[in-house]
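Taking it in order: structure first as structure tokens, then the write-up.
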Amino acid sequence: MKNVLLIICLILPSWLLAQLPGHNPKLWSRGIAQTVMTRYPSAVTIPFKPWCYPQGYFLMGLDKLWQVTGDTKYYNYILNWANEMVRPDGSLVYFSGRSMDDMMAGAVIVWAYRYTGEEKFKKAADFIRKSYDSYPRTSDGIFWHGRGTVGQIWVDGVFMGQMFLTKYGYYIGDSKYCFDEAARQLIGMHQHLMKENSGLFYHGWDEDKDAHWANLSTGMSSEVWSEGLGWYALILVETLEIFPKKHPQYQKIVDITRNLMQGLKDNQDVNSGLWYQIVDKGNRFDNWQETSGSGMFIYSMQRAIELGIIQEKEYANCIKRGYIGLLSKVRINKDDGLIDLCDANNGLGIQKDYDAYVTRPRKRNGQEVISSFLWATTIVENKKDRISYVKPSPCETFVCTDYSQGKVFVFEKGEKVWEHDAPLSNDIWVLDNGNLLFTKGNGVLEVTRNNDTIFQYTSQSHVFACQRLTNGNTFVGECESGRLLEVDSNGKIVKDLSILPLGTTNGKKSFMRNARKLENGHYLVAHYGGKRVVEYDENGNIYWEVPVSGGAHSVIRLPNGNTLVAVTDMDKNPRIVEFNSDKNIVWEFSNKDIEGAPLKFLSGMQYIPGMGIVFTNWTGHVKEKVPYIYWVDWNKNIIDTFGPCADIESVSSVFIPLKNEKVYH
27 MKNVLLIICL ILPSWLLAQL PGHNPKLWSR GIAQTVMTRY PSAVTIPFKP
77 WCYPQGYFLM GLDKLWQVTG DTKYYNYILN WANEMVRPDG SLVYFSGRSM
127 DDMMAGAVIV WAYRYTGEEK FKKAADFIRK SYDSYPRTSD GIFWHGRGTV
177 GQIWVDGVFM GQMFLTKYGY YIGDSKYCFD EAARQLIGMH QHLMKENSGL
227 FYHGWDEDKD AHWANLSTGM SSEVWSEGLG WYALILVETL EIFPKKHPQY
277 QKIVDITRNL MQGLKDNQDV NSGLWYQIVD KGNRFDNWQE TSGSGMFIYS
327 MQRAIELGII QEKEYANCIK RGYIGLLSKV RINKDDGLID LCDANNGLGI
377 QKDYDAYVTR PRKRNGQEVI SSFLWATTIV ENKKDRISYV KPSPCETFVC
427 TDYSQGKVFV FEKGEKVWEH DAPLSNDIWV LDNGNLLFTK GNGVLEVTRN
477 NDTIFQYTSQ SHVFACQRLT NGNTFVGECE SGRLLEVDSN GKIVKDLSIL
527 PLGTTNGKKS FMRNARKLEN GHYLVAHYGG KRVVEYDENG NIYWEVPVSG
577 GAHSVIRLPN GNTLVAVTDM DKNPRIVEFN SDKNIVWEFS NKDIEGAPLK
627 FLSGMQYIPG MGIVFTNWTG HVKEKVPYIY WVDWNKNIID TFGPCADIES
677 VSSVFIPLKN EKVYH
């Protein structure tokens, strides 16, 4: 019970420290590093081969963590692998050079030479460098992905090849060839794979147009795959970090990077903060947020800011939301306390079409996602202003209403610390000044934690909805009278709008539950008894409506323009439903998604950008041993629950303070 209070009910940034059950690391970058090093005491055993890009990708990320922490265990782990791969005479144990994937791990050999100066590592790196001389290319000089993939270039291959080549040129020698080649490969990928003016890139291109996935006219693959694009984003910033600024192609690579970052910003999912498996088709119902590519994009954006390529003021929020979303994919393994990561593929070649991409199995702890998570968390958690991300002072507070008992509560660290009488209370807010605003049967109260009354409105009707507006007035929804009111700080009604049907004088107690004034001046109303949600314009005319068979209780207009509805139990199917503007259901969470069918009557809810939904499970006037509060992410994972609780009969509404964040409640 206490755990959820330390998790879902903190001021938002504190979730970045402790958002899941179990033993959470203070810094997720160190946590994932320790997880991988525990599961694979030698990097030789990281799937799927002793030498391949998974080792290179993870170990180069571990180097970044070593650079900022100085912890020698990371250095030793990297060097131990390098020593396993290179014999004393400088020959390589496993290297074949048959594909770009095989080249990537060579970046670690360059690293080993840089920090040890041992000649065997230079000899090994020289051997890998020479293998490029005979590597096959397209007619305009772009490396095939593999020696056997004739005529094919894959967007991920440029990362694999240039991670080694650029570092060899910078730290060992042959720099003119290495940087000229890197420019040719990066720009060539842009020319062949760019998707119109989106800034994004298709997964691959076949010069011969005879691959099973290739368009017969263009030779292009069908889709923009998240992780493939992520590899390209990574190599752009990794290259620009050491690329000569006087090189004639430097500005061209900068421009490509800026356009890609804009394309990623444009396609970031507004709800989760992540990016979809097919990046530019987030509107498709079967598309899903993919973890590995998202981690790559987060790293690339932050590194592009640090390199002065893009503006922090334009991208900082993208990074923050992405980082929060990334943490929503974390699970703490109950058996060993280590980190598990969800929703990523485990290696993926070019697929024939959209369906093939989105139906590929999602694997927990895939060979790429562990490293993407490491790269992203390392760079975000070690920003100069990282305190705002990972070391805030938590409030550890949530407030709730208990309709059955007729009380409102404040909980801190799992314990009730304050209560106030509030008959039939059904809506509650924590205001910016720390006061509580809530309904109380036939009115609305604003009180301080010292129980001083600051604002009061009393009605002849039942009142189940209230909201403090930006102009300081208070919105009130009256049931029986069917009025939408705006009341000033002195309790004077300054706007009075009746939405009762023509000829009706009494809407009765079930006429409405939650109601909200929207930013456009309209009003969004949950008509509980009428089994519908209606958006009224400023004059009370119906602007938009959608039927809700189970009885609508709470409504939220999401930042993407969709409408989220908490549905009660009138049709024996309590649920949370998201409608788009065309009144189609695009997301739904119900007892079908939980074992044991614990949902009873869904009443209050709050949308947390990047983290999902917190909602209440009212059990009526009978206390039941089911959770009172659920926190669910957009992939329908139950992140945590609260209740039962001895102090509460049943929770009807909940509010979580979000510092400096817009509230959707």
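If you use my numbering, the sequence shown corresponds to residues 27 to 691, in order.
Beta carbons: idealized from backbone N, C-alpha and C, even for Gly.
Exercise. Which residue comes first and which comes last in the alpha helix (DSSP H) that contains lysine 361?
Worked result: The amino acid occupying residue 361 in the given sequence is aspartate; lysine does not appear at that position. Where aspartate 361 is concerned, there is no enclosing alpha helix (DSSP H), given that its DSSP letter is neither H nor E.
Exercise. Between proline 73 and glutamine 393, which are expected to be in contact by the criterion C-beta below 8 Å, what is the C-beta distance as a whole number of angstroms?
Worked result: Taking C-beta atoms under 8 Å as the contact rule, proline 73 and glutamine 393 qualify, at a distance of about 5 Å.
For this session: Give the DSSP bridge partners of arginine 583, in chain order.
Result: Under DSSP, arginine 583 takes part in a beta bridge, and its partners are Thr589.
For this session: Identify, in the order they occur along the chain, each residue of the same chain with its Cβ nearer than 8 Å to the Cβ of isoleucine 655, setting aside the five sequence neighbours on each side.
Result: The residues are Val30, Ile34, Cys426, Val640, Phe641, Thr642, Asn643, Thr667, Phe668, Gly669, Val677, Val680.
For this session: Would you kindly check if the distance between the Cβ of valine 181 and the Cβ of aspartate 234 is under 9 Å?
Result: No, these two residues do not count as a Cβ contact at 9 Å.
Exercise. Can you tell me the Cα-Cα spacing of asparagine 343 and asparagine 661, whole angstroms?
Worked result: Between asparagine 343 and asparagine 661, the alpha-carbon positions lie close to 22 Å from each other.
Exercise. In angstroms, rounded to a whole number, what distance separates the CA positions of glycine 48 and methionine 63?
Worked result: At glycine 48 the pLDDT is 43, less than 50, meaning the model places this residue with poor confidence; the figure from the coordinates comes in the next sentence. Their backbone Cα atoms lie some 19 Å apart in a straight line.
For this session: Report buried or exposed for leucine 495, applying the criterion of at least 16 other Cβ atoms within 10 angstroms of its Cβ.
Result: Leucine 495 comes out exposed.
For this session: Could you have a look at histidine 11 and say whether DSSP puts it in helix, strand or coil?
Result: The first residue shown for the chain is 27 and the last is 691, placing residue 11 beyond what the model contains.
Exercise. Are asparagine 297 and asparagine 586 close, meaning C-beta to C-beta below 9 Å?
Worked result: Yes, they are a contact pair.
Problem set entry | Beta-carbon contacts of phenylalanine 537 that lie in its chain and below 8 Å, excluding the five residues immediately before and after | Same-chain partners within the cutoff: Cys505, Glu506, Gly508, Leu526, His553, Tyr554, Gly555, Gly556.
Problem set entry | Length at least 4, wholly inside the stretch 305-362: the alpha helix (DSSP H) runs in chain order | You should have 317-332, 338-353.
For this session: Tell me whether the beta-carbon of glutamine 328 lies closer than 9 Å to the beta-carbon of isoleucine 405.
Result: The answer is yes: Cβ separation under 9 Å.
Exercise. When the Cα of glycine 187 is compared with those of Val581, Val603, Tyr258, which residue comes out closest?
Worked result: That would be Tyr258, whose Cα lies nearest to the Cα of glycine 187.
Problem set entry | Environment of asparagine 309 [buried if 16+ CB atoms lie within 10 Å] | With fewer than 16 other Cβ atoms inside 10 Å of its own Cβ, asparagine 309 counts as exposed.
Exercise. For the 8 Å Cβ check, are there 3 or more pairs between the stretch 69-87 and the stretch 383-403?
Worked result: In short, these stretches touch, since the Cβ pair count reaches three.
For this session: Could you pull the start and end residues of the alpha helix (DSSP H) that leucine 286 belongs to?
Result: Element bounds for leucine 286: 276-293.
Problem set entry | Rounded straight-line distance, which links the Cα of asparagine 499 to that of proline 600 | Cα-Cα distance, rounded: 33 Å.
Problem set entry | Run of the alpha helix (DSSP H) containing leucine 80, from where it starts to where it stops | The sequence shown places proline at residue 80, not leucine. Where proline 80 is concerned, the enclosing alpha helix (DSSP H) stretches over 79-95.
Problem set entry | Alpha-carbon spacing of valine 184 relative to leucine 684, whole angstroms | Straight across, the Cα-Cα distance linking valine 184 with leucine 684 is about 41 Å.
Exercise. Relative to the alpha-carbon of glutamate 472, which residue among Val502, Met111, Asn546 has its alpha-carbon at the smallest distance?
Worked result: Here the closest residue by C-alpha is Val502.
Exercise. Between isoleucine 674 and isoleucine 634, what straight-line distance do the alpha-carbon atoms span, to the nearest angstrom?
Worked result: Going by the C-alpha atoms only, they are around 24 Å apart.
Problem set entry | Cβ pair methionine 129, phenylalanine 190 closer than 9 Å | Result yes, Cβ atoms of methionine 129 and phenylalanine 190 sit closer than 9 Å.
Problem set entry | Presumed contact (8 Å Cβ cut-off) between threonine 403 and isoleucine 104, rounded CB distance | The distance from the Cβ of threonine 403 to that of isoleucine 104 is about 18 Å, inconsistent with a contact at the 8 Å cut-off.
Problem set entry | Sufficient close CB pairs (3 or more, under 8 Å) joining the stretch 430-443 to the stretch 377-392 | The stretch 377-392 and the stretch 430-443 do not touch, with fewer than three beta-carbon pairs separated by less than 8 Å.
Exercise. So who's on the other strand from valine 680, going by DSSP bridges?
Worked result: The partner list for valine 680 (beta bridge, DSSP) reads Cys426.
Problem set entry | Per-residue burial, proline 114 [other beta carbons within 10 Å of its own, 16 or more giving buried] | Exposed, since its Cβ has fewer than 16 Cβ neighbours within 10 Å.
Exercise. Which of helix, strand or coil does DSSP assign to isoleucine 187?
Worked result: With the sequence shown as reference, residue 187 is identified as glycine, and isoleucine is not the correct amino acid for it. Looking at glycine 187 - three-state DSSP - the assignment turns out to be helix.
For this session: Give the DSSP-derived three-state secondary structure of serine 414 in the structure shown.
Result: Bear in mind that the predicted position of serine 414 carries a pLDDT of just 34, short of 50, making it unreliable; the figure below should be weighed with that in mind. It is helical.
For this session: Find out if the Cβ-Cβ distance for the pair isoleucine 179, leucine 242 is shorter than 9 Å.
Result: Leucine 242 is positioned such that its CB atom lies no closer than 9 Å to that of isoleucine 179.
Exercise. Near arginine 539, which residues of its chain fall below 6 Å by C-beta distance, leaving aside the five closest residues on each side in sequence?
Worked result: The residues Phe490, Ala552, Tyr554, His579, in chain order, have a CB closer than 6 Å to that of arginine 539 in the same chain once the five nearest residues on each side in sequence are set aside.
Exercise. For phenylalanine 74, does the three-state DSSP call read helix, strand or coil?
Worked result: Here phenylalanine 74 sits in coil by DSSP.
Exercise. To which residues does DSSP link isoleucine 480 through a beta bridge?
Worked result: The partner list for isoleucine 480 (beta bridge, DSSP) is empty, contrary to what the question assumes.
Exercise. Taking the runs of the beta strand (DSSP E) that are 3 residues or longer, which of them lie wholly in the stretch 607-632?
Worked result: Runs of the beta strand (DSSP E) lying entirely within the stretch 607-632, each at least 3 residues long, are 611-616 in chain order.
Exercise. What separation, rounded to the nearest whole angstrom, lies between the Cα atoms of cysteine 671 and lysine 649?
Worked result: The straight-line gap separating the alpha-carbon atoms of cysteine 671 and lysine 649 is approximately 10 Å.
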